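J.:
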Amino acid sequence: MVLPIVLYKRNPIIPPQSGLCYSLFLQNCAIIYSMASSIREIGENIKNSPLFKGDIQYGVPMSEHTTMKVGGPASIFIEPEDDLSLAAAVSILRKNRAPIFTLGGGSNLVVNDGGIKKAVISTCRLKGISVKAKKSFPVQIEDFPEAKEAVELVLSAGAGNSFEELNGWCAKYGVQGLEYFSGLPGTCGGAAYMNARCYEHNFSSLISAVTYLDIDAIPTNLDEQSPFQLEEASLFKRYEMDESEWAYKKSPFQGKRFIITKLELNVTGLDVYVSGGQSASPAAGAYIAKKNSFYINDRTEKGHFRAPSAGSMFKNNHDFGKPSGAIIDEVGLRGLKVGGAQVAPWHGNIIINTGNATAADVTALVDRVKQAVSENKGFLLETEVIFV
């Protein structure tokens, strides 16, 4: 067992061995040790559950699991292998009243240097892609004249699927609709939660339904239930798309104790689409692959992949009359640095990690940018990145 380290600052007036000071010191040690012990006990209970498959780690640096590459350790890091394993982990965490933080691909996120004192559940292993065909219709596509027929599809994807995986699958099978999100870091579950927006397209425009787990509805004795009881438990709920609940960078899942597990997306199969394991026609696959490459190349030219970042730092506000990045440029903030964090010299709305940034550096730089824009332009920038 790794014992917790307690830093003690010597008081020149009250020596460490004095009653009050030494008593407080021992109490603090006991509290920290108790927390460390109990979280490991919880982790072992999850690992030993007959319903759980996956991995559990302790003290994992969150810098390894975020695109910004900053952040202290997670007390416990849980990676369920499937939906039932997720429910089993949540059940035991609820039983022990352990707070939960859900993590997707780690983009749009800055974790503080002290880490996360919650149980971090990663959804990155909740994967799987399948489709159901609805109806076919004739098509005429200007830049793809070979296409004569298309079919409406519902694509089901696990919340942990990355866009690299989704877009690669779409190119293989000639499926159109997701190309605008090519090169987007993170997972499709995270994109739904944040309602990602790329090239004037909201991710919500593709969503037809979402399957999710309601943390507070999961029974605390799940691993004691019979297979029949589990089948009848309705552990996962289905959300049917309601456009009135979605907006720019807003979804009905924000601020709720829900964990998205699966998405159903409305997409289109081009030309010879076959769901029985066959690939699309070479022409359809090449057409989608070309579309994907266009957006990836555009992101590359804009410097999205030059250095670690959380993505666009600030939301755009139409009342400002121009994108937040352009406003930041006008104030002359490109290249501004605080420690290892820097406003990207090539894009005002990207804050990068130059190699040794801390979360404190990023936070301080964000505050300086907001203050400078407020003083010079009278605009109050709003971050879209989540700080925890």
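Numbering (our numbering), first residue to last: 1 to 388. Don't be surprised by glycine CBs; every beta carbon is placed ideally from N, CA and C. Predicted model only: the values in this text are computed from it and were never measured.
#1: Using the Cβ count rule (16 or more neighbours within 10 Å means buried), how would you classify N202?
#2: Once you ignore the five residues that flank H65 on each side, which residues in its own chain have a CB closer than 6 Å to its CB?
#3: Under 8 Å, with one C-beta from each stretch per pair, do the stretch 225 to 236 and the stretch 70 to 82 reach the 3-pair mark?
#4: I'd like the ranges of any alpha helix (DSSP H) spanning at least 4 consecutive residues and lying wholly in the stretch 279 to 344.
#5: With H, G and I counted as helix, E and B as strand and the rest as coil, what does DSSP make of P227?
#6: Helix, strand or coil for E240 per DSSP?
#7: Mind checking which residues open and close the beta strand (DSSP E) that includes N353?
#8: Have a look at the DSSP bridge pairing and note the partners of I218.
#9: Exposed or buried, S374, counting other C-beta atoms within 10 Å across all chains shown (16 or more means buried)?
#10: Three-state secondary structure (DSSP) at Y22?
#11: Are the stretch 283 to 298 and the stretch 44 to 52 in contact at 8 Å, needing three or more beta carbon pairs?
#12: In the DSSP assignment, what are the bridge partners of R197?
#13: Give the list of continuous beta strand (DSSP E) stretches no shorter than 3 residues that lie fully inside the stretch 90 to 126.
#14: What does DSSP give as the partner residue(s) for S162 in the beta ladder?
#15: So which of K127, G174, E240 and Y173 has the shortest CA-CA distance to T187?
#16: Check F181 in the structure and name its three-state DSSP category.
#17: Please check the pair S309 and M68, which I expect to be a contact at CB under 8 Å, by giving their CB distance rounded to whole angstroms.
#18: Taking the beta carbon of R257 as the centre, do at least 16 other beta carbons fall within 10 Å, making it buried, or is it exposed?
#19: Tell me, to the nearest whole angstrom, how far the beta carbon of D223 is from that of S49; I am working on the premise that it is less than 8 Å.
#20: According to the neighbour-count rule (16 or more other Cβ atoms, all chains shown, within 10 Å of its Cβ), is S226 buried or exposed?
#21: Would T123 be called buried (16 or more neighbouring beta carbons within 10 Å of its own) or exposed?
#22: So F314 and N349 are supposed to be a Cβ contact under 8 Å. How far apart are they, rounded?
#23: For A150, which of helix, strand or coil comes out of DSSP?
#24: Closest to L263 by CA distance: which of S281, I100, L213 and K377 is it?
#25: Report the rounded CA-to-CA distance for A364 versus G269, giving the unit in angstroms.
#26: Would you check if there are 3 or more beta carbon pairs closer than 8 Å linking the stretch 141 to 153 to the stretch 164 to 172?
#27: Taking just the CA atoms, how far does S281 sit from Y173?
#28: Could one say the Cβ of A209 lies closer than 8 Å to chain B's Cβ atoms, at least one of them?
#29: Please tell me whether A74 and G115 are closer than 8 Å, where the distance is taken between their beta carbons.
T.: Reading it off the structure:
#1: For the purposes of this step, residue 202 is identified with residue 202 of the sequence shown, where counting begins at 1. Taking all protein chains in view, the Cβ of N202 is crowded by 16 or more other Cβ atoms within 10 Å, so the residue is classified as buried.
#2: Locating residue 65 in the sequence shown gives position 65, where the first residue counts as 1. The beta carbon of H65 is closer than 6 Å to those of G106 in its chain, skipping five residues each way along the sequence.
#3: Judged by Cβ distances under 8 Å, the stretch 225 to 236 makes no contact with the stretch 70 to 82, as fewer than three pairs qualify.
#4: With a minimum length of 4 residues, the continuous alpha helix (DSSP H) runs that stay inside the stretch 279 to 344 are 282 to 301 and 324 to 330.
#5: As a first step, residue 227 is located in the sequence shown; it is residue number 227 there, counting from the start. In the three-state DSSP reduction, P227 falls in the helix class (H, G or I).
#6: For this step, residue 240 is matched to residue 240 along the sequence shown. In the three-state DSSP reduction, E240 falls in the strand class (E or B).
#7: Locating residue 353 in the sequence shown gives position 353, counting from the first residue. That run of the beta strand (DSSP E) goes I350 to N353.
#8: For this step, residue 218 is matched to residue 218 along the sequence shown. I218 is not bridged by DSSP to any residue.
#9: Taking the first residue of the sequence shown as position 1, residue 374 is located at position 374. Answer is exposed; the Cβ neighbour count stays below 16.
#10: Indexing the sequence shown from 1 puts residue 22 at position 22. With a pLDDT of 40 at Y22, under the threshold of 50, the predicted position of this residue should be treated as unreliable, and no value is reported.
#11: In short, these stretches do not touch, since the Cβ pair count stays below three.
#12: As a first step, residue 197 is located in the sequence shown; it is residue number 197 there, counting from the start. Bridge partners of R197: N202.
#13: Segments of the beta strand (DSSP E) lying fully in the stretch 90 to 126: 100 to 103 and 116 to 122.
#14: Against the sequence shown, residue 162 aligns to sequence position 162. For S162, the beta-bridge partners assigned by DSSP are T187.
#15: Here the question's residue 187 lines up with position 187 in the sequence shown. For T187, the nearest C-alpha among the options comes from K127.
#16: Numbered from 1 along the sequence shown, position 181 holds the residue referred to as residue 181. Correct three-state label for F181: helix.
#17: Counted from its first residue, the sequence shown places residue 309 at position 309. Counted from its first residue, the sequence shown places residue 68 at position 68. Contact between S309 and M68 holds, with the beta-carbon distance rounding to 6 Å and staying under 8 Å.
#18: Numbered from 1 along the sequence shown, position 257 holds the residue referred to as residue 257. Per the 10 Å Cβ criterion, exposed.
#19: Here the question's residue 223 lines up with position 223 in the sequence shown. Here the question's residue 49 lines up with position 49 in the sequence shown. Between D223 and S49 a beta carbon distance of about 5 Å is seen, short of the 8 Å cut, so the two are scored as contacting.
#20: Taking the first residue of the sequence shown as position 1, residue 226 is located at position 226. Its Cβ having fewer than 16 others within 10 Å, S226 is exposed.
#21: To locate residue 123, count along the sequence shown from 1; it is residue 123. By the 10 Å Cβ count, T123 comes out buried.
#22: What you label residue 314 is simply residue 314 of the sequence shown in a count that begins at 1. What you label residue 349 is simply residue 349 of the sequence shown in a count that begins at 1. That pair is a contact at about 6 Å.
#23: Reading the sequence shown from its first residue, position 150 is the one you call residue 150. In the three-state scheme derived from DSSP, where H, G and I count as helix and E and B as strand, A150 is classed as strand.
#24: Taking the sequence shown and counting its residues from 1, one reaches residue 263 at position 263. It is L213.
#25: Counting from 1 along the sequence shown, the entry for residue 364 is found at position 364. Counting from 1 along the sequence shown, the entry for residue 269 is found at position 269. Distance between the alpha carbons of A364 and G269: 47 Å.
#26: Touching, no, given that fewer than three Cβ pairs across the two stretches are closer than 8 Å.
#27: Here residue 173 refers to the residue found at position 173 of the sequence shown. Here residue 281 refers to the residue found at position 281 of the sequence shown. Rounded to the nearest angstrom, the two C-alpha atoms are 8 Å apart.
#28: The structure shown contains no chain B; it is built from a single protein chain.
#29: For the purposes of this step, residue 74 is taken as the residue at position 74 of the sequence shown. For the purposes of this step, residue 115 is taken as the residue at position 115 of the sequence shown. G115 is positioned such that its CB atom lies closer than 8 Å to that of A74.
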